[in-house]
Amino acid sequence: MAYKNSEKDSSKGELFGFKSGDTLKLTYEFASEGTTSKRDIYFIQKGNVLTEGIGDQKDENGTMRYADEKKIAYKDGQKLETADCKVVTKALN
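Under this note's numbering, the residue at position 55 of the sequence shown is numbered 55, and the numbers go up by one with no gaps.
Written out as structure tokens, the structure is:
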């Protein structure tokens, strides 16, 4: 996965995790600003759209985890839709 943020440092890394019902529960291991980090990222699936969960996180042995899974909000999270991988790769390079 790669994040290309405006006004923030971008990051690239790997995702691993599992699907639980309509939710992807993933850990993102990435490099940004010369440092390797890990953080949980959850997405809820509605049709062909994944919406990222927003919630407070806490450091748990070097991995940022959601402080309370019941308080994750998906309404304002970043939305991911299916895309042509070649177009995305070109945009990220």
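Here a beta-carbon is modelled for each residue, glycine too, at the ideal position from N, C-alpha and C.
### Query
Alpha carbon to alpha carbon, what distance is there between Asp84 and Leu50?
16 Å
### Message
Measuring straight from C-alpha to C-alpha, what distance separates Lys71 and Leu92?
### Response
32 Å
### Message
What would DSSP say about Thr82, mapped onto helix, strand or coil?
### Response
coil
### Task
Name, in chain order, the residues that DSSP records as bridge partners for Leu26.
Gly17 and Ile41
### Task
Return the CA-CA distance between Lys46 and Thr27, expressed in angstroms with no decimal places.
20 Å
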